[in-house]
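Residue numbers (the working numbering), protein chains in the order written: chain A, 1 to 129; chain B, 130 to 258; chain C, 259 to 387; chain D, 388 to 516; chain E, 517 to 645; chain F, 646 to 774. The beta carbon of each residue, even a glycine, is placed where N, CA and C say it ideally should be. All figures in this text were calculated on a predicted structure; none of them were measured in a lab.
Protein chains: 6
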Amino acid sequence: MAWKPVEYVDASPEVRAVYDDIMQTRKTDWINNFWKVLAHDPATLKRTWESIKQIMAPGALDPLTKELIYLAVSVSNQCNYCIASHTAASRKAGMTDEMFGELMAVVGMANETNRLVSGYRVEIDKAFE
Amino acid sequence: MAWKPVEYVDASPEVRAVYDDIMQTRKTDWINNFWKVLAHDPATLKRTWESIKQIMAPGALDPLTKELIYLAVSVSNQCNYCIASHTAASRKAGMTDEMFGELMAVVGMANETNRLVSGYRVEIDKAFE
Amino acid sequence: MAWKPVEYVDASPEVRAVYDDIMQTRKTDWINNFWKVLAHDPATLKRTWESIKQIMAPGALDPLTKELIYLAVSVSNQCNYCIASHTAASRKAGMTDEMFGELMAVVGMANETNRLVSGYRVEIDKAFE
Amino acid sequence: MAWKPVEYVDASPEVRAVYDDIMQTRKTDWINNFWKVLAHDPATLKRTWESIKQIMAPGALDPLTKELIYLAVSVSNQCNYCIASHTAASRKAGMTDEMFGELMAVVGMANETNRLVSGYRVEIDKAFE
Amino acid sequence: MAWKPVEYVDASPEVRAVYDDIMQTRKTDWINNFWKVLAHDPATLKRTWESIKQIMAPGALDPLTKELIYLAVSVSNQCNYCIASHTAASRKAGMTDEMFGELMAVVGMANETNRLVSGYRVEIDKAFE
Amino acid sequence: MAWKPVEYVDASPEVRAVYDDIMQTRKTDWINNFWKVLAHDPATLKRTWESIKQIMAPGALDPLTKELIYLAVSVSNQCNYCIASHTAASRKAGMTDEMFGELMAVVGMANETNRLVSGYRVEIDKAFE
Chain A
1 MAWKPVEYVD ASPEVRAVYD DIMQTRKTDW INNFWKVLAH DPATLKRTWE SIKQIMAPGA
61 LDPLTKELIY LAVSVSNQCN YCIASHTAAS RKAGMTDEMF GELMAVVGMA NETNRLVSGY
121 RVEIDKAFE
Chain B
130 MAWKPVEYVD ASPEVRAVYD DIMQTRKTDW INNFWKVLAH DPATLKRTWE SIKQIMAPGA
190 LDPLTKELIY LAVSVSNQCN YCIASHTAAS RKAGMTDEMF GELMAVVGMA NETNRLVSGY
250 RVEIDKAFE
Chain C
259 MAWKPVEYVD ASPEVRAVYD DIMQTRKTDW INNFWKVLAH DPATLKRTWE SIKQIMAPGA
319 LDPLTKELIY LAVSVSNQCN YCIASHTAAS RKAGMTDEMF GELMAVVGMA NETNRLVSGY
379 RVEIDKAFE
Chain D
388 MAWKPVEYVD ASPEVRAVYD DIMQTRKTDW INNFWKVLAH DPATLKRTWE SIKQIMAPGA
448 LDPLTKELIY LAVSVSNQCN YCIASHTAAS RKAGMTDEMF GELMAVVGMA NETNRLVSGY
508 RVEIDKAFE
Chain E
517 MAWKPVEYVD ASPEVRAVYD DIMQTRKTDW INNFWKVLAH DPATLKRTWE SIKQIMAPGA
577 LDPLTKELIY LAVSVSNQCN YCIASHTAAS RKAGMTDEMF GELMAVVGMA NETNRLVSGY
637 RVEIDKAFE
Chain F
646 MAWKPVEYVD ASPEVRAVYD DIMQTRKTDW INNFWKVLAH DPATLKRTWE SIKQIMAPGA
706 LDPLTKELIY LAVSVSNQCN YCIASHTAAS RKAGMTDEMF GELMAVVGMA NETNRLVSGY
766 RVEIDKAFE
């Protein structure tokens with residue numbers, strides 16, 4: 001019932017075109033399982049890759065900051081695969097052990113205070129509106 | 130049943146000491162409702178402030194990056210007060226409209242792909258282990 | 259598009275029977291909006307009430323402990339209505355301000371450490387298996 | 388510390404009655420682990436099964452649509468067992484690969500836009516009230 | 517600090533083009549706040565609309581089923597704006613009160629059993645792998 | 646990419662001091678992986694332990710109630726490690742099988758009704774304000 005990765009040699013031209021763009025954009029000859037499994041639905045594969053490519057490109061935020069934010073959300077959502085893959089991507093983008101430790105501390109604290117706020121039903125300050 | 134903010138004039142010396150430290154650390158003469166409501170439990174007020182103070186101080190990650198991560202988690206958790214307060218804090222730390230837009234894009238996309246990963250039950254690549 | 263509460267005078271006999279049982283079980287002459295809105299789907303109203311009645315009855319855990327757990331989950335899920343109603347129910351069952359403060363502290367901390375565990379990908383100790 | 392499935396031969400008459408009803412309702416001679424583990428608490432086993440039986444029966448929504456909704460929520464919540472079991476149940480109810488792909492796309496997109504809405508603090512349109 | 521909707525008359529040509537496509541695709545002369553707020557980031561507005569347009573188009577699943585799934589996820593995530601807007605969209609696509617009631621029942625039950633599964637740490641049946 | 650537990654013999658004096666305090670406080674000669682992995686960031690290890698030590702100490706709520714609440718949140722969040730470790734801790738604090746069954750029932754029901762409340766957009770009763 002699990003979805004097997006679609007390897008390059010078995011992929012349709014439409015899927016291969018996405019794989020090629022991923023490898024060229026990331027300057028690698030390797031595709032991780034996320035994309036190889038999404039390949040079962042070529043429309044979702046293409047749309048998701050093009051969105052990621054646009055969103056994760058350098059902009060007002062640099063690539064490392066974007067990767068840290070991606071990792072923060074994945075940790076907060078407790079998505080194990082995503083944590084593994086975006087820890088790897090963050091390291092590639094320059095994340096050190098110290099940065100990872102500080103990232104975890106912020107994610108943990110945000111999850112704690114989000115609940116304190118809800119439980120105490122804190123009203124939004126006028127200064128924030 | 131809602132918790133009223135504890136104003137400085139009504140606060141115990143223990144609570145005032147925390148308020149004073151918040152204002153001094155943040156170089157402001159203003160305390161937002163989160164702290165004033167936590168003041169109903171001075172032990173939690175003190176522990177939470179001291180943790181936040183330690184965690185949000187400049188380190189391997191700069192204060193703006195930490196604020197962006199805090200905001201990202203709060204948005205992902207859909208905590209309305211936290212979004213309002215940490216949007217304000219992020220702006221104070223230097224977040225521009227462009228940065229906010231990119232932050233939202235990454236948070237949205239991470240939430241999307243976290244679920245694609247789960248639904249397709251993607252196995253973790255050996256390269257990530 | 260919002261769902262209006264179904265008042266007793268406007269309710270069908272099937273719905274009234276549930277309202278009567280709620281009031282008798284809780285020793286009150288008042289029904290809160292949750293039930294009055296669920297009344298739009300009498301099957302769900304009846305099933306939900308009977309489940310709640312069974313689950314929240316005294317057992318190996320006393321009613322206050324059960325209410326605290328209900329409140330803890332509602333706070334963790336950030337369900338505003340549920341926090342309001344179960345704070346009220348917890349107080350009725352004996353929750354003091356001190357208990358509420360300690361409950362919030364545990365809920366906050368659990369949400370924090372849940373994410374530290376995920377982010378660091380902590381392996382389950384053999385002693386726990 | 389893990390909960391072992393309670394096999395039919397080892398089950399109490401109360402538990403066996405639920406197992407029998409599950410097998411008869413589902414026209415199968417097989418019980419999956421969820422029920423066999425819930426059997427440690429016969430009251431919860433019985434209540435949960437009777438609720439599921441009522442809720443998942445054909446009504447205004449057909450069984451396939453109900454299974455897809457169940458799967459959508461389980462994917463959104465990232466419950467691995469639930470995704471495995473409800474993918475199987477959805478397939479049995481008629482879900483094709485194409486339907487699964489479209490379901491995942493909707494679940495992913497809903498999770499994305501839910502956060503965009505929160506982050507931008509979008510006000511509810513009067514037309515929706 | 518909140519984001520004001522960008523009205524058509526104030527919008528850039530790039531944003532107007534998206535608004536026009538939304539109105540034409542949905543056969544309406546009205547744009548809801550979600551899009552008008554996303555307009556602050558035209559790249560995200562365009563990408564999100566094009567993704568939604570592709571994903572919500574009729575396919576192996578009909579538009580009503582897709583809307584119900586979107587609503588189910590939004591309810592499960594407790595996104596108030598999204599619940600309001602997708603309840604409206606579901607009604608427009610044909611959702612009756614009975615269907616809404618059954619949808620809520622399934623979403624509620626899935627959230628319940630997802631946690632029973634986790635708490636009891638149920639192992640995935642071999643038949644599901 | 647996974648984080649290895651830091652064993653006592655390999656730990657710095659700062660980390661050993663925390664380990665010693667954990668063992669003394671818990672009257673055990675054993676440290677579970679959570680702490681041994683957090684040891685990669687001694688500041689977070691120390692702060693988290695001191696917070697937990699303060700929060701989980703007997704107060705207005707007894708240690709068993711606190712453990713049950715911790716477990717309830719961990720189950721609701723579906724954090725597998727946390728469920729394993731806090732099930733063990735709850736048992737040590739006196740949780741019986743019957744208590745566990747009732748805890749699960751409450752956690753499941755709270756997750757269900759939290760979503761019914763959201764989906765039906767139930768307004769908060771004046772009596773709760």
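DSSP state of residue i mapped onto helix, strand, coil
{"i": "Thr732 of chain F", "result": "helix"}
{"i": "Lys4 of chain A", "result": "coil"}
{"i": "Thr393 of chain C", "result": "This structure gives no information on residue 393 of chain C, because the portion of chain C shown stretches from 259 to 387."}
{"i": "Asn114 of chain A", "result": "helix"}
{"i": "Trp288 of chain C", "result": "coil"}
{"i": "Gln78 of chain A", "result": "coil"}
{"i": "Val138 of chain B", "result": "helix"}
{"i": "Val122 of chain A", "result": "coil"}
{"i": "Pro687 of chain F", "result": "helix"}
{"i": "Pro321 of chain C", "result": "helix"}
{"i": "Glu258 of chain B", "result": "coil"}
{"i": "Ala105 of chain A", "result": "helix"}
{"i": "Asn588 of chain E", "result": "Residue identity differs from the one stated: residue 588 of chain E is Ala in this sequence, not Asn. In this structure, Ala588 of chain E counts as helix in the three-state DSSP scheme."}
{"i": "Ala533 of chain E", "result": "helix"}
Selection from the options that minimises the alpha carbon distance to residue i
{"i": "Ser719 of chain F", "options": "C:Asp278, C:Met281, C:Asn369", "result": "C:Asn369"}
{"i": "Trp3 of chain A", "options": "A:Leu38, A:Asn114, A:Val15, A:Glu98", "result": "A:Leu38"}
{"i": "Gly446 of chain D", "options": "C:Asp299, C:Pro321, C:Asp320, C:Ile327", "result": "C:Asp299"}
{"i": "Cys727 of chain F", "options": "E:Glu614, E:Gly635, E:Ala573", "result": "E:Gly635"}
{"i": "Ile327 of chain C", "options": "C:Gln312, C:Thr345, C:Phe292, C:Thr286", "result": "C:Thr345"}
{"i": "Val509 of chain D", "options": "E:Ile538, E:Glu523, E:Met539, E:Lys552", "result": "E:Lys552"}
{"i": "Asn206 of chain B", "options": "D:Lys433, D:Arg502, D:Arg403, D:Trp436", "result": "D:Arg502"}
{"i": "Glu516 of chain D", "options": "E:Val633, E:Ala605, E:Val622", "result": "E:Ala605"}
{"i": "Leu322 of chain C", "options": "C:Arg274, C:Met367, C:Met357", "result": "C:Met357"}
{"i": "Asp125 of chain A", "options": "B:Ser214, B:Leu190, B:Met233", "result": "B:Ser214"}
{"i": "Lys350 of chain C", "options": "C:Val273, C:Asp278, C:Ile310, C:Arg284", "result": "C:Arg284"}
{"i": "Trp307 of chain C", "options": "C:Ala330, C:Leu319, C:Asp278, C:Leu329", "result": "C:Asp278"}
{"i": "Thr689 of chain F", "options": "B:Ser180, B:Asn209, B:Val246, B:Glu136", "result": "B:Ser180"}
{"i": "Asn678 of chain F", "options": "F:Glu652, F:Ile700, F:Val660", "result": "F:Glu652"}
{"i": "Lys182 of chain B", "options": "F:Met749, F:Arg692, F:Val751, F:Ile700", "result": "F:Arg692"}
{"i": "Asp449 of chain D", "options": "E:Val622, E:Ile571, E:Ile538", "result": "E:Val622"}
Counted within 10 angstroms of its Cβ, other Cβ atoms place residue i as buried (16 or more) or exposed
{"i": "Lys582 of chain E", "result": "buried"}
{"i": "Glu618 of chain E", "result": "buried"}
{"i": "Trp288 of chain C", "result": "exposed"}
{"i": "Thr629 of chain E", "result": "buried"}
{"i": "Ala772 of chain F", "result": "exposed"}
{"i": "Gly94 of chain A", "result": "exposed"}
{"i": "Ser602 of chain F", "result": "This structure does not reach residue 602 of chain F, given that chain F is present from 646 up to 774, and the question cannot be answered."}
{"i": "Ala186 of chain B", "result": "exposed"}
{"i": "Gln669 of chain F", "result": "exposed"}
{"i": "Thr544 of chain E", "result": "exposed"}
{"i": "Val654 of chain F", "result": "exposed"}
{"i": "Thr612 of chain E", "result": "exposed"}
Within-8 Å CB hit, residue i to chain G
{"i": "Ala621 of chain E", "result": "The structure shown contains no chain G; the protein chains it does contain are A, B, C, D, E and F."}
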